[in-house]
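In UniProt numbering, the protein residues as written are 1 to 212.
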């Protein structure tokens with residue numbers, strides 16, 4: 001696909017220009033802090049991410065475990081700007097104990113396995129380096145891949161649904177298909193046993209697409 005001349009009707013050609021080296025799409029927040037009014041050096045994990053939806057959807061996406069994932073994403077995103085990496089979580093979190101344990105374990109897993117996870121992202125993305133992805137998108141992928149490969153008790157579909165909900169909330173529409181495709185391919189090729197337990201049909205498996 002020629003990214004300099006996107007197909008008519010995609011709307012890509014009407015996007016505002018971005019600083020050299022940044023790619024459009026992938027995150028509504030990638031060109032600046034996720035926390036409005038704060039400079040990168042002043043970012044703290046206590047400041048909220050800005051949801052494109054205004055609030056999380058109903059049903060399980062308002063659950064403590066979804067909120068735990070938001071806190072992990074928030075910390076990882078802040079770490080993109082801070083020299084010391086992702087900041088610690090707030091000590092005043094209202095999450096219940098099981099969600100807190102999951103939150104801490106997920107963040108630790110992403111950080112401990114970051115090199116492996118980033119190699120996996122690079123392997124399954126098509127002509128799209130991790131550096132060119134939006135900061136929100138690559139951290140959603142890191143979290144999802146960590147769950148797929150290092151959280152055996154979390155069902156495949158739960159990881160997919162939760163990752164896509166984060167993309168719905170904090171990224172741009174075209175990022176959803178991109179994230180969905182990569183996570184499906186990672187699951188199928190790197191943890192087929194987990195995928196197979198849920199009886200995923202071939203027709204449900206998205207193609208590994210190049211990012212629009």
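Where a beta carbon is used, it is the ideal one built from N, C-alpha and C, also for glycine.
Computed from a predicted structure; not experimentally measured.
Three-way DSSP call (helix, strand, coil) for residue 139 in this model: As a working mapping, residue 139 is identified with position 139 in the chain shown. Helix.
Environment of residue 108 [buried if 16+ CB atoms lie within 10 Å]: Residue mapping note: residue 108 aligns to position 108 of the chain shown, counting from 1. With a threshold of 16 other beta carbon atoms within 10 Å, residue 108 falls short and is exposed.
4-residue-minimum alpha helix (DSSP H) runs that sit fully inside the UniProt domain "NusB/RsmB/TIM44" (95–186), ordered along the chain: Scanning the UniProt domain "NusB/RsmB/TIM44" (95–186) from its first residue to its last, the whole alpha helix (DSSP H) runs of 4-plus residues come out as 97–112, 114–124, 135–150, 156–170.
Residue 186 beta carbon less than 7 angstroms from that of residue 102: Along the chain shown, one-based indexing puts residue 102 at 102. Along the chain shown, one-based indexing puts residue 186 at 186. No, they are not a contact pair.
Cα-Cα separation between residue 90 and residue 152, rounded to whole angstroms: Position 90 of the chain shown, counting from 1, holds the residue named residue 90. Position 152 of the chain shown, counting from 1, holds the residue named residue 152. About 27 angstroms.
Collapsed DSSP secondary structure at residue 65 in the structure displayed: For the purposes of this step, residue 65 is identified with residue 65 of the chain shown, where counting begins at 1. Residue state, collapsed to three classes: helix.
Straight-line gap, residue 158 to residue 149 (C-alpha atoms, nearest Å): Against the chain shown, residue 158 aligns to sequence position 158. Against the chain shown, residue 149 aligns to sequence position 149. Cα to Cα, residue 158 sits roughly 13 angstroms from residue 149.
Simplified DSSP state of residue 73, which is helix, strand or coil: Counting from 1 along the chain shown, the entry for residue 73 is found at position 73. Here residue 73 sits in helix by DSSP.
Endpoints, alpha helix (DSSP H) assigned at residue 193: As a working note, residue 193 is residue 193 in the chain shown. Where residue 193 is concerned, the enclosing alpha helix (DSSP H) stretches over 192–196.
Beta-carbon proximity check, residue 164 vs residue 176, cutoff 7 angstroms: By 1-based counting over the chain shown, the position of residue 164 is 164. By 1-based counting over the chain shown, the position of residue 176 is 176. Yes, the pair counts as a contact, with Cβ atoms nearer than the cut-off.
Proximity to residue 139 [Cα-Cα], best of 156, 99, 98, 182: One-based indexing of the chain shown puts residue 139 at position 139. Nearest of 156, 99, 98, 182 to residue 139, Cα basis: 182.
Cβ pair residue 94, residue 68 closer than 7 angstroms: The sequence position of residue 94 within the chain shown is 94, counting from 1. The sequence position of residue 68 within the chain shown is 68, counting from 1. Cβ atoms of residue 94 and residue 68: not closer than 7 angstroms.
Anticipated Cβ contact below 8 angstroms, residue 76 with residue 86, distance rounded: Your numbering for residue 76 matches position 76 in the chain shown. Your numbering for residue 86 matches position 86 in the chain shown. About 5 angstroms; that satisfies the 8 angstroms criterion.
Backbone CA spacing between residue 189 and residue 120 [nearest angstrom]: Numbered from its first residue, the chain shown carries residue 189 at position 189. Numbered from its first residue, the chain shown carries residue 120 at position 120. Each residue's alpha carbon lies about 11 angstroms from the other.
Under the three-state DSSP convention, the category residue 79 falls into: Taking the first residue of the chain shown as 1, we reach residue 79 at position 79. Three-state result, residue 79: helix.
Same chain, Cβ closer than 8 angstroms to residue 194, neighbours up to 5 away in sequence not counted: Position 194 of the chain shown, counted from the first residue, corresponds to residue 194. Result list for residue 194: 148, 152, 155, 156, 187, in chain order.
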